[in-house]
Structure formats: C-alpha cells, structure tokens
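Asks: Before we start, here is the structure in question, set down as structure tokens.
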Amino acid sequence: EDQVTQSPEALRLQEGESSSLNCSYTVSGLRGLFWYRQDPGKGPEFLFTLYSAGEEKEKERLKATLTKKESFLHITAPKPEDSATYLCASYNFNKFYFGSGTKLNVKP
Amino acid sequence: DAGVTQSPTHLIKTRGQQVTLRCSPKSGHDTVSWYQQALGQGPQFIFQYYEEEERQRGNFPDRFSGHQFPNYSSELNVNALLLGDSALYLCASSPRQGAKGELFFGEGSRLTVL
C-alpha cells in the first residue's frame with residue numbers, strides 16, 4: 011500500500027539553528043512529491059513540487075530535495091515565523107497521500 | 004482573485020445526524036477534492052470530482068457522499084454521523100487541464116460530533 015512517513019513528529023529549534031525534516035515514501039509510480047505548510051486552524055499552503063530524484067527547489071530559507079526513497083526539507087537559519095506544521099504528500103494517479111506532518115516550533 | 008472558499012467554518016452535530024459542507028473552487032479550477040484531517044494527522048483523501056462525477060475515492064464508507072454542480076462548486080455530505088467523524092474537512096481545487104498536481108486548499112470546515 012502507498013505510504014508516506016514523516017519524521018520527526020515535532021521539532022523545536024532556536025532561531026538561526028538549521029535543520030532538516032524527512033519524508034520517506036513507498037509509492038508505486040510516483041508522479042510528484044509535494045511539500046505544504048499548514049498553520050493552526052488553516053488549510054495547507056503549497057510550497058514545492060519535486061518530480062524526479064536529484065531535483066532541488068528553494069524558497070527563502072527552505073530547500074526541498076528528492077531521492078528515490080526520500081525527500082528532505084532543509085530549513086536554514088529559521089525564524090519564529092517559520093513555525094508551522096510541514097506536510098509532505100505523494101501524488102499518484104490523481105490521488106494525494108499525505109504524511110502526518112512535522113510540527114516545527116522556532117523559538118526566538 | 005478569490006481562493007477556495009468553504010462553509011460553514013465550524014459546526015456541531017450529534018451522533019446520527021447528517022451534515023452538508025460546501026466548497027467553491029478557485030477561479031479557473033474545475034476539479035474539487037475533499038479531505039478529512041483528524042487532529043494531529045495529515046489530510047486523508049475522501050474523493051475527487053470533475054465534470055460533475057466522482058472520479059476517485061479513498062477508503063471512506065458510503066456514508067460519505069458528494070456532488071459537484073455545473074459551476075464547479077461542490078458539496079460533501081456525511082450521513083449517520085459518528086463521534087469519529089469529528090475532524091477538519093478540507094476542500095482542495097485544481098485545474099484539470101495543464102494540471103501539475105498542485106492543490107489549492109480552503110480554510111476547512113471544523114466538524115464536532117457530540
């Protein structure tokens with residue numbers, strides 16, 4: 011069965027302390043790997059799409075990378091406003107499979 | 004340009020009742036998907052509609068049904084509510100043509116079943 015697993019479940023960082031979030035997937039015929047940001051009580055907000063192993067995308071302090079089994083979301087010098095839950099999702103045959111997310115808390 | 008809008012934002016129901024949630028997709032989008040998000044979990048795919056028909060369905064019972072109207076708006080209906088149906092229900096829209104898979108989500112409808 012297609013599955014997406016994210017780790018860690020929660021991550022606390024000091025402002026400026028860089029780290030990475032992990033998303034591993036077992037999906038046959040992957041059409042894309044997506045990263046979303048979700049603030050409390052809000053719908054997910056699109057961040058990145060990755061389509062093939064070796065691909066990288068960047069946006070401000072965030073960089074997403076993709077291998078054949080995993081994707082990483084690297085956060086460089088995070089700020090308190092980066093605090094949110096980060097969701098990854100695989101896309102296959104018009105269905106999205108979401109992981110449970112990593113809740114990031116960045117302390118000033 | 005209005006994004007995806009959902010109503011109501013919050014509602015409380017009792018077990019056994021029925022609920023209808025509504026969604027208007029982003030302008031230019033013709034495909035609507037519904038997701039259930041329990042507290043602390045990622046969204047779970049319920050079903051997808053385009054051209055007024057259900058095209059894909061996740062692992063949800065027949066108590067969950069939907070509809071898409073000619074203007075692309077959509078409804079999610081849940082019958083015989085259970086306590087476990089308490090969740091945030093998210094609507095997401097996307098364009099059918101030229102789609103790259105990216106979803107645009109609404110703010111969700113928070114359903115509490117007592």
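If you read the sequences in order, they're chains A and B.
Going by the numbering used here, the residue at position 76 of the first sequence is 86; the numbering climbs one at a time, nothing skipped.
Going by the numbering used here, the residue at position 101 of the second sequence is 104; the numbering climbs one at a time, nothing skipped.
For glycine and all other residues, C-beta sits at the position ideal for the given N, C-alpha and C.
#1: Between which residues of its own chain and G69(B) is the CB-CB distance below 7 Å, once the five residues before and five after are set aside?
#2: Is G53(A) closer than 7 Å to F48(B) when the C-beta atoms are compared?
#3: Contact check, E55(B) vs P28(B) under 8 Å by CB: the rounded distance?
#4: So Y7(A) contacts chain B; which residues on that side make the cut at Cβ distance below 8 Å?
#5: Return the first residue and the last residue of the beta strand (DSSP E) that A20(A) is part of.
#6: With a cut-off of 7 Å, does the C-beta of G42(A) fall near any C-beta of chain B?
#7: Does the CB of Y50(A) have a neighbour CB from chain B at under 7 Å?
#8: Would you report the Cα separation of V37(A) and S100(A), rounded to the nearest angstrom?
#9: Specify whether the segment 4-23 of chain B and the segment 81-91 of chain A touch according to this definition: at least 3 beta carbon pairs, one from each stretch, less than 8 Å apart.
#10: Consult DSSP for S42(A) and reduce its assignment to one of helix, strand or coil.
#11: Out of L24(B), N62(B), V35(B), which one is the CA nearest neighbour of Y107(A)?
#12: DSSP puts V81(B) in a beta bridge; with which residues?
#13: Taking the C-alpha atoms as reference points, what is the distance between L43(A) and A63(A)?
#14: Based on Cα-Cα distance, which residue from Y46(A), Q24(A), P50(A) lies nearest to E105(B)?
#15: With Q39(B) as the anchor, note down where its beta strand (DSSP E) starts and where it stops.
#16: Considering Cα atoms alone, identify which of E55(A), S81(A), L60(A) is closest to V7(B).
#17: If you count every other CB in all the chains shown that lies within 10 Å of the CB of H13(B), and 16 or more means buried, which is it?
#18: Considering only the alpha carbon of each residue, which of F67(B), C94(B), R113(B) lies closest to A1(B)?
#19: Between T34(B), S30(B), G45(B), which lies nearest to A5(B) when the distance is taken from Cα to Cα?
#20: Select from P118(A), N115(A), S110(A), K117(A) the residue whose C-alpha is nearest the C-alpha of S17(A).
#21: For K113(A), write down the residues that DSSP places opposite it in a beta bridge.
#22: Quick one: grab the DSSP three-state call for L117(B).
#23: By the criterion of Cβ-Cβ separation under 8 Å, what are the contact partners of P67(B) in chain A?
Replies: Well, looking at it:
#1: As a position in the second sequence, residue 69(B) is number 66, starting the count at 1. Contacts found: W37, F50, Y52, E57, S77, E78, L79, N80.
#2: As a position in the second sequence, residue 48(B) is number 45, starting the count at 1. As a position in the first sequence, residue 53(A) is number 43, starting the count at 1. Result no, Cβ atoms of F48(B) and G53(A) do not sit closer than 7 Å.
#3: As a first step, residue 55(B) must be located in the second sequence, where it is residue number 52. As a first step, residue 28(B) must be located in the second sequence, where it is residue number 25. Not confirmed; about 13 Å, so no contact.
#4: This structure gives no information on residue 7(A), because the portion of chain A shown stretches from 11 to 118.
#5: Start at 1 with the first residue of the first sequence, and residue 20(A) comes out as number 10. Start and end: 20-24.
#6: Working through the first sequence from its first residue, we reach residue 42(A) at position 32. It does; some Cβ of chain B falls within 7 Å.
#7: As a position in the first sequence, residue 50(A) is number 40, starting the count at 1. The question names Tyr, but residue 50(A) in the sequence shown is Pro. For P50(A), the answer is no, since every Cβ of chain B falls outside 7 Å of its Cβ.
#8: Taking the first sequence and counting its residues from 1, the one referred to as residue 37(A) is at position 27. Taking the first sequence and counting its residues from 1, the one referred to as residue 100(A) is at position 90. Taking the straight line from one Cα to the other gives about 7 Å.
#9: no
#10: Reading the first sequence from its first residue, position 32 is the one you call residue 42(A). Sequence inspection shows Gly at residue 42(A); the Ser mentioned does not correspond to that position. It is a strand residue.
#11: Taking the first sequence and counting its residues from 1, one reaches residue 107(A) at position 97. Considering only alpha carbons, the answer is N62(B).
#12: The residue labelled residue 81(B) in the question sits at position 78 within the second sequence. V81(B) pairs with V22(B), F67(B).
#13: Position 33 of the first sequence, counted from the start, is the residue given in the question as residue 43(A). Position 53 of the first sequence, counted from the start, is the residue given in the question as residue 63(A). If I take the Cα positions, the gap works out to 10 Å.
#14: To locate residue 105(B), count along the second sequence from 1; it is residue 102. Considering only alpha carbons, the answer is Y46(A).
#15: Here residue 39(B) is taken as the residue at index 36 of the second sequence, counted from 1. Taken as a continuous stretch (DSSP letters only), the beta strand (DSSP E) holding Q39(B) covers 34-40.
#16: Your numbering for residue 7(B) matches position 4 in the second sequence. Among E55(A), S81(A), L60(A), the Cα nearest to that of V7(B) is on E55(A).
#17: On the second sequence, residue 13(B) is found 10 positions in, with the first residue counted as 1. By the 10 Å Cβ count, H13(B) comes out exposed.
#18: A question about residue 1(B) goes unanswered here, because the residues of chain B that appear run from 4 up to 117.
#19: Stepping through the second sequence from its first residue, residue 5(B) is reached at position 2. Out of T34(B), S30(B), G45(B), S30(B) has the C-alpha closest to the C-alpha of A5(B).
#20: Indexing the first sequence from 1 puts residue 17(A) at position 7. Answer by Cα proximity: S110(A).
#21: Taking the first sequence and counting its residues from 1, one reaches residue 113(A) at position 103. A20(A), T95(A), per the DSSP bridge assignment.
#22: Along the second sequence, read from residue 1 onward, the residue named residue 117(B) stands at position 114. Looking at L117(B) - three-state DSSP - the assignment turns out to be coil, as it is neither helix nor strand.
#23: Residue 67(B) sits at position 64 when you count from the first residue of the second sequence. The question names Pro, but residue 67(B) is Phe in the sequence shown. Near F67(B) there are no residues of chain A at all, since even the closest Cβ is about 16 Å away, more than 8 Å.
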